[in-house]
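Colleague: Top line first, the protein sequences correspond to chains A and B.
Using the working numbering, the first residue of the first sequence is number 1, and each one after it goes up by one.
Using the working numbering, the first residue of the second sequence is number 1, and each one after it goes up by one.
Ideal Cβ placement from N, Cα and C applies to all residues, glycine included.
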Amino acid sequence: MHSVVCIKQVPDSAQIRVHPVTNTIMRQGVPAIINPYDLFALEEALRLKDKHGGRVTVITMGPPQAEAALRKALSYGADEIILVTDKAFAGADTLATSFALASAIRKIHESHPVTLVFTGKQTIDGDTAQVGPGIATRMELQLLTYVSRINELDEAAGRITVERRAEGGVQLLKTALPCLVTMLEGTNEMRRGNLPDQLRAARHELTRWDRVAAGIEDVTKIGLKGSPTVVNKVFTPSPRAEKAEMVTVASGRPADLAIELIARLGQRFPVVEAELARRAA
Amino acid sequence: MSNDAPVKKKRKFELDPRLATYKGVWVFIEHERGQVHPVSWELLGEGRKLADMLGVELAGVVLAAPGDDGQRFCHDAFAYGADLCYLMESPTLKDYRNDPFTRGMTELVNTYQPEVLLLGATTQGRDLAGSVATTLLTGLTADCTSLTIDMDNRSLAATRPTFGGSLLCTIVTLNYRPQMATVRPRVMAMPERQEGRGGTIIEHPLAMAEESIITKVLDYIPDDSRDKPQLPFADIIVSGGKGLAKQENFQLVWDLARVLGAEVGASRPVVQAGWAELDRQVGQSGKTVRPKLYIAAGISGAIQHRVGMEGADCIIAINNDPNAPIFDFAHYGIVGDALQILPALTEAFRQKLATTRRAG
Numbered sequence: 001m002h003s004v005v006c007i008k009q010v011p012d013s014a015q016i017r018v019h020p021v022t023n024t025i026m027r028q029g030v031p032a033i034i035n036p037y038d039l040f041a042l043e044e045a046l047r048l049k050d051k052h053g054g055r056v057t058v059i060t061m062g063p064p065q066a067e068a069a070l071r072k073a074l075s076y077g078a079d080e081i082i083l084v085t086d087k088a089f090a091g092a093d094t095l096a097t098s099f100a101l102a103s104a105i106r107k108i109h110e111s112h113p114v115t116l117v118f119t120g121k122q123t124i125d126g127d128t129a130q131v132g133p134g135i136a137t138r139m140e141l142q143l144l145t146y147v148s149r150i151n152e153l154d155e156a157a158g159r160i161t162v163e164r165r166a167e168g169g170v171q172l173l174k175t176a177l178p179c180l181v182t183m184l185e186g187t188n189e190m191r192r193g194n195l196p197d198q199l200r201a202a203r204h205e206l207t208r209w210d211r212v213a214a215g216i217e218d219v220t221k222i223g224l225k226g227s228p229t230v231v232n233k234v235f236t237p238s239p240r241a242e243k244a245e246m247v248t249v250a251s252g253r254p255a256d257l258a259i260e261l262i263a264r265l266g267q268r269f270p271v272v273e274a275e276l277a278r279r280a281a
Numbered sequence: 001m002s003n004d005a006p007v008k009k010k011r012k013f014e015l016d017p018r019l020a021t022y023k024g025v026w027v028f029i030e031h032e033r034g035q036v037h038p039v040s041w042e043l044l045g046e047g048r049k050l051a052d053m054l055g056v057e058l059a060g061v062v063l064a065a066p067g068d069d070g071q072r073f074c075h076d077a078f079a080y081g082a083d084l085c086y087l088m089e090s091p092t093l094k095d096y097r098n099d100p101f102t103r104g105m106t107e108l109v110n111t112y113q114p115e116v117l118l119l120g121a122t123t124q125g126r127d128l129a130g131s132v133a134t135t136l137l138t139g140l141t142a143d144c145t146s147l148t149i150d151m152d153n154r155s156l157a158a159t160r161p162t163f164g165g166s167l168l169c170t171i172v173t174l175n176y177r178p179q180m181a182t183v184r185p186r187v188m189a190m191p192e193r194q195e196g197r198g199g200t201i202i203e204h205p206l207a208m209a210e211e212s213i214i215t216k217v218l219d220y221i222p223d224d225s226r227d228k229p230q231l232p233f234a235d236i237i238v239s240g241g242k243g244l245a246k247q248e249n250f251q252l253v254w255d256l257a258r259v260l261g262a263e264v265g266a267s268r269p270v271v272q273a274g275w276a277e278l279d280r281q282v283g284q285s286g287k288t289v290r291p292k293l294y295i296a297a298g299i300s301g302a303i304q305h306r307v308g309m310e311g312a313d314c315i316i317a318i319n320n321d322p323n324a325p326i327f328d329f330a331h332y333g334i335v336g337d338a339l340q341i342l343p344a345l346t347e348a349f350r351q352k353l354a355t356t357r358r359a360g
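#1: Quick check on this structure: which residue in B:115, B:204, B:262 and B:299 has the alpha carbon closest to the alpha carbon of residue 321 (chain B)?
#2: For the alpha helix (DSSP H) that contains residue 216 (chain B), what are its first and last residues?
#3: According to DSSP, simplified to helix, strand and coil, what is residue 13 (chain B)?
#4: Can you list, in chain order, the residues of its chain with a C-beta nearer than 7 Å to that of residue 220 (chain A)? Leave out the 5 residues immediately preceding and following it.
#5: Would the region 121-128 of chain A count as touching the region 157-164 of chain A if we require 3 or more Cβ pairs under 8 Å?
#6: With distances taken from CA atoms, which of B:329, B:243 and B:65 is nearest residue 244 (chain A)?
#7: Using only alpha-carbon positions, find the residue among B:263, B:356 and B:22 that is nearest to residue 279 (chain B).
#8: Which residues, in order along the region 279-292 of chain B, keep a beta-carbon less than 8 Å from a beta-carbon of chain A?
#9: Figure out for me which residue from A:170, A:51 and A:56 has the closest Cα to the Cα of residue 119 (chain A).
#10: What's the call for residue 133 (chain A), buried or exposed, on a 16-neighbour Cβ count within 10 Å?
#11: Note down, in chain order, every chain A residue with its Cβ under 8 Å from the Cβ of residue 331 (chain B).
#12: Check distances from the C-beta atoms of the region 344-357 of chain B to those of chain A and list, in chain order, the residues that come in under 9 Å.
#13: Using a cut-off of 8 Å between C-beta atoms, extract the partners of residue 76 (chain A) located in chain B.
#14: Under 7 Å Cβ-Cβ, which residues of chain A neighbour residue 327 (chain B)?
#15: Which residues in chain B sit within 8 Å of residue 146 (chain A), going by Cβ to Cβ distance?
#16: Tell me whether the region 79-94 of chain A and the region 203-220 of chain A touch, counting them as touching only if at least three CB pairs, one residue from each stretch, are closer than 8 Å.
#17: Within 7 Å (strictly less), CB to CB, does residue 223 (chain A) reach chain B?
#18: Tell me, to the nearest whole angstrom, how far the beta carbon of residue 74 (chain B) is from that of residue 201 (chain B); I am working on the premise that it is less than 8 Å.
#19: Run through the region 171-204 of chain A for me and flag every whole alpha helix (DSSP H) of 4 or more residues, listed as ranges in chain order.
#20: Please report the straight-line C-alpha distance between residue 212 (chain B) and residue 173 (chain A), rounded to a whole angstrom.
#21: So what does DSSP say about residue 150 (chain A), is it helix, strand or coil?
#22: Any idea which residues DSSP pairs residue 150 (chain B) with across the strands?
#23: For the region 148-180 of chain A, which residues have a beta carbon sitting closer than 9 Å to at least one beta carbon of chain B?
#24: So with CB distances below 9 Å, who are the chain B contacts of residue 251 (chain A)?
#25: Taking only beta-carbon atoms, is residue 216 (chain B) less than 7 Å away from chain A?
#26: Report the neighbours of residue 255 (chain A) on chain B: residues whose CB is nearer than 8 Å to its CB, in chain order.
#27: Name the residues in the region 223-238 of chain B whose C-beta lies less than 9 Å from a C-beta of chain A; which are they?
#28: In chain A, what lies closer than 8 Å to residue 176 (chain B) by C-beta?
#29: Among the residues of its own chain, which have a CB less than 6 Å from the CB of residue 97 (chain B), if the five just before and after it don't count?
#30: What is the DSSP secondary structure of residue 332 (chain B), reduced to helix, strand or coil?
#31: Based on DSSP bridge pairs, tell me the residues matched to residue 209 (chain A).
#32: Beta-carbon of residue 249 (chain B) versus every beta-carbon of chain A: anything under 7 Å?
#33: What does DSSP give as the partner residues of residue 275 (chain B) in its beta bridges?
#34: List the whole-angstrom C-beta distance separating residue 122 (chain B) from residue 37 (chain B), where the pair is believed to meet the contact cut-off of C-beta under 8 Å.
#35: Looking only at DSSP bridge pairs, what is residue 161 (chain B) linked to?
#36: To which residues of the same chain is residue 155 (chain A) closer than 8 Å at the C-beta, ignoring the five residues directly before and after it?
Shown next, in the form of structure tokens:
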């Protein structure tokens with residue numbers, strides 16, 4: 001049993017601010033965290049290891065500082081961490097990212113055959129949910145997205161059954177190993193790292209792979225060159241042409257304010273007035 | 001991720017002649033258990049505009065099991081604006097599975113060569129879009145909030161929120177076809193249905209045997225919809241934010257919602273604090289809503305929230321900070337304590353509805 005978990009180091013988006021003048025992201029002082037959705041993937045892989053034995057390898061493609069995210073993953077109990085990092089990866093969109101990660105996972109597979117590849121359902125910075133399906137397609141693995149539960153895993157028979165969130169319901173799917181699973185949020189809770197694992201995480205030698213070590217020869221498939229999408233413009237949303245019509249009344253009493261608001265609402269928004277009439281009927 | 005790519009200066013661009021033959025705007029008609037997901041009709045409405053700008057036809061793509069559903073969905077697609085539909089029928093397309101749907105869609109794209117392909121950003125649409133774009137080695141932009149055509153080079157300019165909604169970016173896919181994008185439900189307006197509007201159905205077979213498909217659907221358990229909030233399709237929503245100060249006060253949002261027969265929404269901090277369930281979160285990391293009336297109490301209007309609710313016809317904002325960003329885009333603003341205004345609104349709406357009832 002060998003799971004490879006793909007994680008991404010992301011800025012904590014709740015704390016991101018946009019510079020008021022330059023319209024650029026102010027990253028300074030914003031803490032970098034493991035993409036929260038990836039933690040559900042990592043925990044699921046660790047649980048499978050608890051139950052079936054084997055190993056968990058955590059991999060990320062990113063800049064050198066992503067090492068911190070990998071060490072954090074190790075402190076939760078992962079066995080191996082690999083940082084796939086190279087200037088040639090810069091500017092990668094989801095297509096180029098999935099190519100690089102799929103190549104690296106194939107490389108891992110050569111020394112330790114892979115049973116399952118895990119990712120979170122999406123990241124909180126890009127929010128695309130495209131890299132998981134991209135890796136599965138590149139590696140010709142069966143793809144199970146938005147998985148809420150692994151019901152059964154029989155490694156000897158090469159079989160897995162899962163529950164997958166579909167539109168309006170839950171699909172119960174059976175497929176063959178190896179396969180790629182993207183995990184839904186709220187499906188488990190990340191364990192606390194124990195002291196031995198935390199000590200190990202601090203001392204553990206990080207495996208760093210550049211493009212060549214990750215088995216990538218064709219540089220036209222990675223980084224900016226391998227990215228069909230191009231960002232043309234980045235901007236902050238402009239305020240509406242008109243600001244809100246402020247509702248005030250001389251008395252300042254909430255009851256009067258409410259009556260005034262409802263009166264004005266009916267005149268300016270017949271669609272709302274009609275909806276209210278429908279509800280009154 | 002797409003949004004990490006550096007910004008390039010706009011330049012005159014010549015499309016590879018082999019790709020210039022790609023023509024037409026396609027919309028994937030997503031369905032589950034005999035029902036088309038409304039996002040497909042919303043996308044046809046948007047696709048119509050793009051097709052008209054490009055001067056090309058708008059097509060629906062229906063992948064279904066043999067039976068009446070496929071034909072029915074095509075005719076529905078015509079009513080929502082499609083000029084033609086590609087219909088692929090096979091027993092392997094009975095339930096959504098990545099493998100046969102990816103195979104079917106890529107075969108249709110390679111045969112009929114559309115320049116734009118739109119899918120809903122649903123669990124099904126995202127699963128399929130990621131695999132199809134990778135198989136075709138083309139660009140895919142997720143969760144777009146607006147789509148237009150850059151007429152200088154006929155390219156699809158897809159705008160999407162990035163960094164959790166803090167910024168918007170416009171993404172193009174230049175020398176690749178089709179140009180693919182996903183859009184969340186309720187982001188685009190629902191087009192008006194035109195009964196009797198017809199179109200051409202182009203049938204195309206899928207040569208795929210069930211035995212060759214590794215993933216099997218063992219069961220499908222539909223959600224009990226009565227238990228779940230149906231925020232994206234609610235006509236009136238009352239939402240509460242951290243300005244309500246404490247969990248007990250969130251009851252005031254429920255009180256107003258009950259009088260109005262409205263759904264209850266919440267901002268992310270409120271959900272994180274556990275005052276409301278995850279299904280009620282409105283915004284970039286929650287639901288996109290499109291009600292006729294949206295009442296925001298104690299919500300400052302951070303961009304993450306705004307991208308999820310600015311499609312509302314009418315937005316009423318209550319906040320004690322006159323400089324709260326929500327007043328920059330709401331239609332009505334009341335500067336005041338939501339804890340006092342909410343009960344007053346509840347009472348005023350109760351009377352208003354009672355008066356209307358008597359008059360009716």
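Modeller: Answer, in terms of the structure:
#1: Residue mapping note: residue 321 (chain B) aligns to position 321 of the second sequence, counting from 1. For the residues B:115, B:204, B:262 and B:299, the minimum Cα distance to residue 321 (chain B) belongs to B:299.
#2: Residue numbering aside, residue 216 (chain B) sits at position 216 when the second sequence is read from its first letter. Residue 216 (chain B): not part of any alpha helix (DSSP H); member of the beta strand (DSSP E) spanning 216-222, first to last residue.
#3: As a working note, residue 13 (chain B) is residue 13 in the second sequence. Coil at residue 13 (chain B), not helix or strand.
#4: On the first sequence, position 220 is the one that residue 220 (chain A) refers to. Same-chain partners within the cutoff: 226.
#5: In short, these stretches do not touch, since the Cβ pair count stays below three.
#6: Translated into the one-based positions of the first sequence, residue 244 (chain A) becomes position 244. Residue 244 (chain A) has its Cα closest to that of B:329, out of B:329, B:243 and B:65.
#7: In the second sequence, counting from the first residue as 1, residue 279 (chain B) sits at position 279. Ranking B:263, B:356 and B:22 by CA distance to the CA of residue 279 (chain B) puts B:263 first.
#8: 284, 285 and 292: these are the residues of the region 279-292 of chain B whose beta carbon lies less than 8 Å from some beta carbon of chain A, given in chain order.
#9: Within the first sequence, residue 119 (chain A) is the residue found at index 119, counting from 1. Of the listed residues, the one whose Cα sits closest to residue 119 (chain A) is A:56.
#10: Counted from its first residue, the first sequence places residue 133 (chain A) at position 133. Counting the other CB atoms within 10 Å of its CB gives residue 133 (chain A) a total of 16 or more, which places it among the buried residues.
#11: On the second sequence, residue 331 (chain B) is found 331 positions in, with the first residue counted as 1. Near residue 331 (chain B) (Cβ distances below 8 Å), the residues of chain A are 244, 245, 268 and 269.
#12: Per Cβ criterion, the list reads 344, 345, 346, 347, 348, 349, 351, 352, 353, 354, 355, 356 and 357.
#13: As a position in the first sequence, residue 76 (chain A) is number 76, starting the count at 1. Under the 8 Å cutoff, chain B gives no residues; its nearest Cβ is about 22 Å from residue 76 (chain A).
#14: Counted from its first residue, the second sequence places residue 327 (chain B) at position 327. Going along chain A in sequence order, the residues near residue 327 (chain B) (Cβ under 7 Å) are 243 and 244.
#15: Mapped onto the first sequence, residue 146 (chain A) falls at position 146. Result: 123 and 127.
#16: Yes, since at least three Cβ pairs between the region 79-94 of chain A and the region 203-220 of chain A fall closer than 8 Å, the two stretches touch.
#17: Counting from 1 along the first sequence, the entry for residue 223 (chain A) is found at position 223. Closer than 7 Å: no.
#18: The sequence position of residue 74 (chain B) within the second sequence is 74, counting from 1. The sequence position of residue 201 (chain B) within the second sequence is 201, counting from 1. Residue 74 (chain B) to residue 201 (chain B), Cβ: 5 Å. Contact.
#19: Complete alpha helix (DSSP H) runs here, min 4: 195-203.
#20: Indexing the second sequence from 1 puts residue 212 (chain B) at position 212. Indexing the first sequence from 1 puts residue 173 (chain A) at position 173. Each residue's CA atom was taken as its position, placing residue 212 (chain B) and residue 173 (chain A) some 16 Å apart.
#21: Position 150 of the first sequence, counting from 1, holds the residue named residue 150 (chain A). Here residue 150 (chain A) sits in strand by DSSP.
#22: Position 150 of the second sequence, counted from the start, is the residue given in the question as residue 150 (chain B). Its beta-bridge partners are B:155.
#23: Correct list: 161, 163, 164, 165, 166, 167, 168, 169, 170, 171, 172, 173, 174, 175, 176 and 179.
#24: Translated into the one-based positions of the first sequence, residue 251 (chain A) becomes position 251. None at all; the shortest Cβ gap to chain B is about 12 Å.
#25: Translated into positions along the second sequence, residue 216 (chain B) becomes position 216. Residue-level contact check: residue 216 (chain B) touches chain A, since one or more beta carbons of chain A fall below 7 Å from its beta carbon.
#26: Position 255 of the first sequence, counted from the start, is the residue given in the question as residue 255 (chain A). Ordered by position in chain B, the residues that pass the 8 Å Cβ test against residue 255 (chain A) are 344, 347 and 348.
#27: Those would be 223, 225, 235 and 236, in chain order.
#28: Your numbering for residue 176 (chain B) matches position 176 in the second sequence. Here the neighbours are 228.
#29: Along the second sequence, one-based indexing puts residue 97 (chain B) at 97. Closer than 6 Å at the Cβ level, and outside the excluded window around residue 97 (chain B), lie 215.
#30: For the purposes of this step, residue 332 (chain B) is taken as the residue at position 332 of the second sequence. Three-state DSSP puts residue 332 (chain B) in a strand.
#31: Counting from one through the first sequence, the residue named residue 209 (chain A) turns up at place 209. Looking at the DSSP assignment, residue 209 (chain A) forms a beta bridge with A:84.
#32: The residue you call residue 249 (chain B) lines up with position 249 of the second sequence. Closer than 7 Å: no.
#33: Position 275 of the second sequence holds residue 275 (chain B). BP columns for residue 275 (chain B) are empty, so no partner.
#34: Here residue 122 (chain B) refers to the residue found at position 122 of the second sequence. Here residue 37 (chain B) refers to the residue found at position 37 of the second sequence. About 6 Å; that satisfies the 8 Å criterion.
#35: Counting from 1 along the second sequence, the entry for residue 161 (chain B) is found at position 161. According to DSSP, residue 161 (chain B) bridges with B:168.
#36: As a first step, residue 155 (chain A) must be located in the first sequence, where it is residue number 155. Scanning its chain for C-beta atoms nearer than 8 Å, with the 5 sequence neighbours on each side dropped, one finds around residue 155 (chain A) the residues 1, 52, 115 and 177, in chain order.
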